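Student: Attaching a single structure in structure tokens format; questions to follow.
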Amino acid sequence: MHIVDLIKNSIKEEARYKANFLGGILALLTLYSLQFVFFDVINSLVITDKQDANWLMIFFMTYAVGGLLVNFLSSAISGFFRQLTQGRVDALLVRPINLLVLILFRWCQVYYLVVAALLIIICIFSGKIEFSPFFVSIHNTALYLLALLTGVVASITFILALSSFSFITQRDLPVDYIHSSIFTFALLPANFYSKVLLYVLAVTLPMVVFASVALDALYNGATFFVLTFISGVNLAFYGVVLIVYRFFNRFDSIGG
Numbered sequence: 007m008h009i010v011d012l013i014k015n016s017i018k019e020e021a022r023y024k025a026n027f028l029g030g031i032l033a034l035l036t037l038y039s040l041q042f043v044f045f046d047v048i049n050s051l052v053i054t055d056k057q058d059a060n061w062l063m064i065f066f067m068t069y070a071v072g073g074l075l076v077n078f079l080s081s082a083i084s085g086f087f088r089q090l091t092q093g094r095v096d097a098l099l100v101r102p103i104n105l106l107v108l109i110l111f112r113w114c115q116v117y118y119l120v121v122a123a124l125l126i127i128i129c130i131f132s133g134k135i136e137f138s139p140f141f142v143s144i145h146n147t148a149l150y151l152l153a154l155l156t157g158v159v160a161s162i163t164f165i166l167a168l169s170s171f172s173f174i175t176q177r178d179l180p181v182d183y184i185h186s187s188i189f190t191f192a193l194l195p196a197n198f199y200s201k202v203l204l205y206v207l208a209v210t211l212p213m214v215v216f217a218s219v220a221l222d223a224l225y226n227g228a229t230f231f232v233l234t235f236i237s238g239v240n241l242a243f244y245g246v247v248l249i250v251y252r253f254f255n256r257f258d259s260i261g262g
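Okay, so the sequence shown: first residue is 7 according to my numbering, each after it adds one.
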């Protein structure tokens, strides 16, 4: 219930500035629509079989939706740690809300979810993507969704890990910029990397290859690559959350 209430509060806050809310949706939708057209053009220029071409378009959709979900949560993380470095988070910590829920949803920006939903609708009705692979195997489709969500968790883990340095530096760090710079490489399909490098990235920077992992799960099921990715991200997330909680156990206010 706390998550729903926090999201409702975020919607109310964003609705107060309708021009910013609608402008943000329009700007993001324009950006991803142009990228969609770009991938479609690349698709038409590459001589390949039908399945591979469809794979590229589903890859883009996965990347875009995953990125929007990450932005939805990362905006909340940035907002929370900004409050922390300004000495304004003390009053929030005494509320009967789970700390992780507070970090992930108190300052979330819902218009990212709106754009994600609109983008999926555009992909469905554009006729440029063949969705038949999603109906071949329920098991593979479920794994695809799990890998996609795990990719979101991978980015959140990275952002949380970097943001936790605010406890040491007592400064608002440019975590969003660092993450967005690295996340740009997620636009590259797995074919751009060697097999060894692909596994290295899956362990060290999993958000870079999350879309490729999701597509591997969709077409090939529970491969070793998919299982390595999911297991590694979950372990890393658990470790980072433990570190954040330990920092908060020693927390004695910052800034002010």
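Quick reminder that beta carbons are idealized off the backbone N, C-alpha and C, glycines included.
Predicted model, so just to flag it, every value in this text is computed and none were measured.
May I have the straight-line CA-CA distance separating Leu155 from Tyr23, to the nearest angstrom?
Tutor: C-alpha separation (whole angstroms): 30 Å.
Student: Near Gly133, which residues of its chain fall below 8 Å by C-beta distance, leaving aside the five closest residues on each side in sequence?
Tutor: Taken in chain order, the list of residues that qualify is empty.
Student: In chain order, what are the residue ranges of uninterrupted alpha helix (DSSP H) at least 4 long that sit wholly in the stretch 187-229?
Tutor: Taking only runs of at least 4 residues, the alpha helix (DSSP H) segments lying wholly in the stretch 187-229 are 201-210, 216-226.
Student: Can you tell me whether Pro102 is buried or exposed? The criterion is at least 16 other CB atoms within 10 Å of its CB, across all chains shown.
Tutor: So Pro102 counts as exposed.
Student: So, helix, strand or coil for Cys114, using DSSP?
Tutor: Here Cys114 sits in coil by DSSP.
Student: Would you please state the rounded distance, in angstroms, between the beta carbons of Leu149 and Val232? I believe it to be under 8 Å.
Tutor: Yes, they are in contact, since the Cβ atoms of Leu149 and Val232 sit about 7 Å apart, within 8 Å.
Student: For Thr118, is the classification buried or exposed, using 16 other Cβ atoms within 10 angstroms of its Cβ as the cut-off for buried?
Tutor: A small correction: the amino acid at residue 118 is Tyr; Thr does not occupy that position in the sequence shown. Buried: at least 16 other Cβ atoms inside 10 Å.
Student: Could you pull out every residue in the same chain whose Cβ sits closer than 6 Å to the Cβ of Asn77, ignoring the five residues on either side in sequence?
Tutor: Counting only Cβ-Cβ distances below 6 Å, and skipping sequence neighbours, we find Tyr118.
Student: Can you list, in chain order, the residues of its chain whose CB lies under 7 Å from that of Phe45, leaving out five sequence neighbours each side?
Tutor: Counting only Cβ-Cβ distances below 7 Å, and skipping sequence neighbours, we find Leu62, Met63, Phe66.
Student: Since I believe Val120 is in contact with Ile31 (beta carbons under 8 Å), could you give me their beta-carbon distance rounded to a whole number of angstroms?
Tutor: Correct: roughly 6 Å between the Cβ atoms.
Student: What alpha helix (DSSP H) runs, 4 residues minimum, are completely inside the stretch 25-50?
Tutor: Qualifying alpha helix (DSSP H) stretches: none in this window.
Student: Along the chain, which unbroken stretches of the alpha helix (DSSP H) at least 4 residues long are found entirely within the stretch 54-87?
Tutor: Listed in chain order, there is nothing to give.
Student: Grouping DSSP H, G and I as helix and E and B as strand, with all else coil, what is Lys134?
Tutor: Lys134: coil per DSSP, three-state reduction.
Student: Does DSSP put Asp96 in a helix, a strand or coil?
Tutor: Looking at Asp96 - three-state DSSP - the assignment turns out to be helix.
Student: Taking only the alpha-carbon atoms, compute the straight-line gap between Lys56 and Leu221 and give it to the nearest angstrom.
Tutor: With a pLDDT of 49 at Lys56, under the threshold of 50, the predicted position of this residue should be treated as unreliable, though the coordinate-derived value follows. Using only the alpha carbons, I get a separation of about 15 Å.
Student: With Gly69 and Leu193 assumed to form a contact (beta carbons below 8 Å), what rounded beta-carbon distance in angstroms separates them?
Tutor: It is worth fixing the name first, because residue 69 is Tyr in this sequence and not Gly. Yes, Tyr69 and Leu193 are in contact; Cβ-Cβ is about 6 Å, under 8 Å.
Student: State the Cα-Cα distance for the pair Ala228 and His8, rounded to the nearest angstrom.
Tutor: Their Cα atoms are separated by approximately 34 Å.
Student: Determine whether the beta carbon atoms of Arg177 and Thr91 lie at a separation below 8 Å.
Tutor: Taking 8 Å as the Cβ cut-off, Arg177 and Thr91 qualify as a contacting pair.
Student: So the alpha helix (DSSP H) Asp11 belongs to, where does it begin and stop?
Tutor: Segment 8-21, the alpha helix (DSSP H) holding Asp11.
Student: Quick check: the Cα distance between Asn60 and Arg252, rounded to an integer number of angstroms?
Tutor: Each residue's Cα considered, the two are about 46 Å apart.
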